[in-house]
Every structure is written in structure tokens, then in C-alpha cells.
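S.K.:
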Amino acid sequence: MIITNNNDRYFFYLVSFSFGLSLAVVALGAFTRLTEAGLGCPDWPGCYGFLTVPQTAIEQQTAAEFFPQTPLEPQKAWNEMLHRYIAGSLGLFVFIINLMAWRQPSRPKLLPLLLLLMVVFQAALGMWTVTLVLMPVVVMAHLLGGFTIVSLLWLLRLKLQVVPVNITQIGIKPLSRLRIVAIISVIVVIVQIALGGWTAANYAALVCTKLPICEASWQQLFDKSAFFLVQPQHDSYQYGVLDYGQRVSIHVVHRIGAMITTLVILVMAWLCWLQPILRRYSLGLVLLLIVQIVLGVTNIVASLPLAVAVAHNVTGLGLLVMMVTVSYRVGIGSQQLQPRSTLLRKDKLHG
Numbered sequence: 132m133i134i135t136n137n138n139d140r141y142f143f144y145l146v147s148f149s150f151g152l153s154l155a156v157v158a159l160g161a162f163t164r165l166t167e168a169g170l171g172c173p174d175w176p177g178c179y180g181f182l183t184v185p186q187t188a189i190e191q192q193t194a195a196e197f198f199p200q201t202p203l204e205p206q207k208a209w210n211e212m213l214h215r216y217i218a219g220s221l222g223l224f225v226f227i228i229n230l231m232a233w234r235q236p237s238r239p240k241l242l243p244l245l246l247l248l249m250v251v252f253q254a255a256l257g258m259w260t261v262t263l264v265l266m267p268v269v270v271m272a273h274l275l276g277g278f279t280i281v282s283l284l285w286l287l288r289l290k291l292q293v294v295p296v297n298i299t300q301i302g303i304k305p306l307s308r309l310r311i312v313a314i315i316s317v318i319v320v321i322v323q324i325a326l327g328g329w330t331a332a333n334y335a336a337l338v339c340t341k342l343p344i345c346e347a348s349w350q351q352l353f354d355k356s357a358f359f360l361v362q363p364q365h366d367s368y369q370y371g372v373l374d375y376g377q378r379v380s381i382h383v384v385h386r387i388g389a390m391i392t393t394l395v396i397l398v399m400a401w402l403c404w405l406q407p408i409l410r411r412y413s414l415g416l417v418l419l420l421i422v423q424i425v426l427g428v429t430n431i432v433a434s435l436p437l438a439v440a441v442a443h444n445v446t447g448l449g450l451l452v453m454m455v456t457v458s459y460r461v462g463i464g465s466q467q468l469q470p471r472s473t474l475l476r477k478d479k480l481h482g
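Counting in the numbering used here, the sequence shown tops out at residue 482, every number present.
#1: For Lys341, I'd like the list of residues in its chain whose CB is within less than 6 Å of its CB, leaving aside the five on either flank, ordered along the chain.
#2: Within its chain, find whatever has a CB closer than 7 Å to the CB of Ala400; leave out the 5 residues flanking it on each side and keep chain order.
#3: Would you call Trp233 buried or exposed, if buried means 16 or more other Cβ atoms sit within 10 Å of its Cβ?
#4: Distance, Cα to Cα, Ala332 vs Thr260?
#5: Decide if Ile381 is buried, meaning its Cβ has at least 16 other Cβ atoms within 10 Å, or exposed.
#6: Quick one, which of Pro173, Ser282, Asn229 and Leu309 has its alpha-carbon nearest Gly151's?
#7: Quick check on DSSP: helix, strand or coil for Phe181?
#8: When the Cα of Gly257 is compared with those of Arg164, Arg310 and Leu352, which residue comes out closest?
#9: Look at the alpha carbon of Glu167 and the alpha carbon of Leu241, and state the distance between them as a whole number of angstroms.
#10: Which residues in the same chain as Arg476 place their Cβ atom closer than 6 Å to its Cβ, once the five residues preceding and following it in sequence are excluded?
#11: If you follow the alpha helix (DSSP H) that Trp404 is in, where does it begin and where does it stop?
#12: Quick one: Cα of Cys403 to Cα of Met453, how far?
#13: How do the region 223-233 and the region 204-215 stand: do at least 3 beta-carbon pairs fall below 8 Å, yes or no?
#14: Going by alpha carbons, who is nearest to Ile387 out of Gln362, Arg410, Ile280 and Val322?
#15: Taking all protein chains shown into account, decide if Gln350 is buried (16 or more other Cβ within 10 angstroms of its Cβ) or exposed.
#16: Under 8 Å, with one C-beta from each stretch per pair, do the region 312-322 and the region 238-253 reach the 3-pair mark?
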């Protein structure tokens, strides 16, 4: 990795730290959802009208008076508020990234701006998650928003570094094939993540406990209405509002999506393996894929252990980040890695 000066190095370190923090936010978000703490605080951005979880007897009595329908559960409330505190800290760092980006003309501007807009939108989704009492489409969008912020931070980090690998060693046709498959792979992984989010938001993760598809006659139970993003109004969507057949439909489609995703990632990994300079990405994809499959199977046979379920979320994010990396290296990022003489010739042609 090559960084030209100290100012750029500090900016790179800030982006890298923010990326690590965004991973923690996603993991905590999954932990919050899986511990049923998404409504641990019935208001937003505070908790029962306070900036922190009510602790004293007077605070708890006040909370009970203002929110009589939602009794305080301190552990769930703290899970929710910890997630909010760290997410808020991430938002502050993204704001600082924007300030630093605009102070130097050579630094990227578009990605920091997109990050700031995503953070604002993600905060709105966090609020709607509470005010709309875990409406599935909002919960899924909140998950995708978190994954998007992580991916944008990682992409910004990639743009700030120059890796001493010459992508031009790959032939034109193999490189073109890699770019096409990489784009397809990113799309497939995003769709599968969305399906996972929809499965979790509708509490469909445990309706099928047999492998490889489901113990139920899912062909007869299949109901396409399970995938309608707008669902009938309910007082609360916690624990799900869909019937058994609809949940089976969601779960089965997620499993079939996992099979398709596995095939696509293996093709991508094989194409990377054919190019010696990309083999580390091939190994990374295969390793993450194996871990994700093991975690997914463990979720089914062990009835969704908390640590395994959180790890399943984070590993899915890891696969997305790896695919973003490969796509960048064989796409736009390949221009960074061309020999200096090649870039000079292009400058002369355009000059």
C-alpha cells in the first residue's frame, strides 16, 4: 500500500477506523434484533423520554407513566441504546470525513457525500423501525442501509490506497469476463442479503428445520404474497404477522437463493484463481463462503444460536465487501494499477 503524505495517511486511518466502527454497528444491530431489543426503547432517539436508559426509581416510574403499554426491560433497552450510541458516533466520524475530504482538492468527494446522505437516511430508518413498530420493509431497508454504509466506507478506503499489483497482466478478454461476472456476483449477493433480511424481519428463520429445502410441502404452501413489501397495518410487527405458508415461502426462497449465490461465488472464485495476481481474492471468497454455509446450517440444526446468527450476518457482509473489492480491482481500480508509463501515454493522447 502506498500513501503519499502524512495528511493523506491520517485521512486513510480515519476512513479505516470508521470502517471498523461500521462493522461493529452492523454486528450490534444484528444482536439487537436477535435479542428482540428493537423495541427495547419505544421512542427515538432517547429511551422512555430520557437520553439514557431509566435507572433510578423516579425515572422508571416516569417511564411507566408515559409508556404504560411497554414495560421497561433494562437489558433490552441497553442493547438498543448501545447500538444507537455507536451508530451516532459513526455518523460523527462520517461528518468529519466529509470535512477533511473537502479541505483537500485531491481527495474523493462523491463517496464521502454519499456516505453522509446514507447515514442521514439510515438514521431515519432507525427512527421508523421504532415508530412503525418493526415493519418488515423498514427493518430490511435498515439492514441494507447498514451494509451499504460499510461497503461505501470500504470502497473509499480502496480508492485511497494504491496496491502494488499490475492488473494489466490479465488479458483483455479474461479481464472483461471477470468484470461482468463480478458485477453479476455483487448483484446476486445483495439480493441474497435482502432475502436474509426479509426472512429475519418476518420471523421466518425457524419455520424450516430440515435440509436441504424444508420438511413442509412448500410447493403447495408457496404464497407469492409473502414477498409484498407493503403489508396490512398492524399495531406491532414484532414476532411476525404472516401465516405459516407465507413464512415457509420466504424461508425456502432464501435457501434457494443461497444455493444460487454459492454457485455464482464459486464461479467468481474460479475465475480469480485462474489469474495468479487475484488468487488471494479467490481464497478469501471460498473461505468466507464455507464459513457462511457452516453458519447457515448451524442456524437451522441448532435453532438459531445467538452468536451463530450474529456471525451469519457479519459473514454475509464480509462476502459483500470481498465482492466489492474484487469488482473494484478488476474494474475502475484497475486504472490505478497500470504502469506509470501507460498512464503517461494516455495523458499525451488526451493532451
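All C-beta atoms in this analysis are idealised placements derived from N, C-alpha and C, irrespective of residue type, glycine included.
M.R.: This is what the structure gives:
#1: Cβ neighbours of Lys341 beyond the five flanking positions: none.
#2: Taken in chain order, the residues that qualify are Ser413, Leu416 and Val417.
#3: The residue is exposed, with fewer than 16 neighbouring Cβ atoms inside 10 Å.
#4: Looking at the two C-alpha atoms, the distance is approximately 11 Å.
#5: It counts as buried.
#6: The candidate whose alpha carbon is nearest that of Gly151 is Ser282.
#7: Reduced to three states, the DSSP call for Phe181 is strand.
#8: Distance check between Gly257 and each of Arg164, Arg310 and Leu352 places Arg164 closest, using alpha-carbon atoms only.
#9: Taking the CA atoms as reference points, Glu167 sits about 36 Å from Leu241.
#10: Caution applies to Arg476, whose pLDDT of 43 falls short of 50 and renders its modelled position unreliable; the value that the coordinates give is listed next. Contacts found: none.
#11: Annotation: the continuous alpha helix (DSSP H) that includes Trp404 extends over Tyr375 to Trp404.
#12: Taken atom to atom, the span from the alpha-carbon of Cys403 to that of Met453 is near 12 Å.
#13: Between the region 223-233 and the region 204-215, the count of C-beta pairs closer than 8 Å stays below three; the two stretches do not touch.
#14: The residue among Gln362, Arg410, Ile280 and Val322 with its C-alpha nearest the C-alpha of Ile387 is Val322.
#15: Classification for Gln350: exposed.
#16: Under the Cβ criterion (8 Å, minimum of three pairs), the region 312-322 does not count as touching the region 238-253.
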